[in-house]
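Following: one structure in structure tokens, then a few remarks.
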Amino acid sequence: MEATGKYHLPILYELKDRGYFVTVINPLKMKQYCRALNFRKAKNDKMDAKQIAEYGLMYWKELEEYKVDEENYRVLKELNRNYQHYMELRIDQMNYIDQTIHQTFPGIKKLILHNSGDFSKDKLLDFSEKWWHKDLVLEKTEEEFIEEYKRWAKEKRYHPNANKAKAIYQLAEDSISTQPSHNTKIETNIREGINLIKQINQILNRILSQMIEISEPLEEYQ
Numbered sequence: 003m004e005a006t007g008k009y010h011l012p013i014l015y016e017l018k019d020r021g022y023f024v025t026v027i028n029p030l031k032m033k034q035y036c037r038a039l040n041f042r043k044a045k046n047d048k049m050d051a052k053q054i055a056e057y058g059l060m061y062w063k064e065l066e067e068y069k070v071d072e073e074n075y076r077v078l079k080e081l082n083r084n085y086q087h088y089m090e091l092r093i094d095q096m097n098y099i100d101q102t103i104h105q106t107f108p109g110i111k112k113l114i115l116h117n118s119g120d121f122s123k124d125k126l127l128d129f130s131e132k133w134w135h136k137d138l139v140l141e142k143t144e145e146e147f148i149e150e151y152k153r154w155a156k157e158k159r160y161h162p163n164a165n166k167a168k169a170i171y172q173l174a175e176d177s178i179s180t181q182p183s184h185n186t187k188i189e190t191n192i193r194e195g196i197n198l199i200k201q202i203n204q205i206l207n208r209i210l211s212q213m214i215e216i217s218e219p220l221e222e223y224q
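Numbered according to the numbering used here, the sequence shown spans residues 3 to 224.
See below:
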């Protein structure tokens, strides 16, 4: 596998724990390999995985197994166990929020996506924290909502796209929610659920940082 800063670490130690032979390829070596064979740098995970596999087959006899000393391995194993635990909690909570939002603002997931692979920000969660129900959008005129959305996007460091705001407003007009906007219990569940996910994200980032702190000095990262 190719070193990806931090996101490959949980997979790496899960495979090691199960007894698989694992080698970690320096991204610079991978880039040089692709350039030497006139490969274009992969722009998606499927192409990237194929190129890494081809590299592994070509240099199989030269590959060195990823090794870590016993003490660090025990620490990394425990960190990975914690990481997997919180990831399961995160997935369960994300599924719950997605299902609830589907009832309060049907179709919004097609317009605003979760950020993939990055725990620092999530646009759909941030949006739903403010507009958890379609009726909240319709409380304002289209022009007023567009301006409010643009201000919110700038504040959250997202692209303040007026066309996106128009599409959201149109969706709010056309969609039919199955839960009322005046139900404070649902609102509280959504907001508290989103807050829980953000807390879990912070924990996951901290665990990954600890794994990096142990892993970076190893030879494979040089």
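Quick reminder that beta carbons are idealized off the backbone N, C-alpha and C, glycines included.
**Among ALA55, TYR15 and ILE110, nearest to LEU65 - alpha-carbon criterion** = ALA55
**ALA174 beta carbon less than 8 Å from that of ILE148** = no
**Message:** Pairs of beta-carbons, one from the segment 99–110 and one from the segment 67–86, closer than 8 Å: are there three or more?
**Reply:** no
**Prompt:** Counting pairs of Cβ atoms below 8 Å between the segment 200–220 and the segment 149–164, do you hit three or more?
**Reply:** no
**Message:** Report the start-end ranges of each alpha helix (DSSP H) in the segment 126–172 that is 4 residues or longer and not cut off at the edges.
**Reply:** 136–140 and 144–158
**Prompt:** Beta carbon of LYS125, beta carbon of ILE114: below 8 Å?
**Reply:** yes
**Asked** Does the segment 188–207 come close enough to the segment 129–136 that 3 or more CB-CB pairs lie under 8 Å?
**Response** yes
**Asked** Given that a residue counts as buried once 16 or more other Cβ atoms are within 10 Å of its Cβ, and exposed if not, what is ASN82?
**Response** buried
**Item:** Counted within 10 angstroms of its Cβ, other Cβ atoms place ASP128 as buried (16 or more) or exposed
**Value:** buried
**Prompt:** Can the beta-carbon of TYR68 be found less than 8 Å from the beta-carbon of LYS18?
**Reply:** yes
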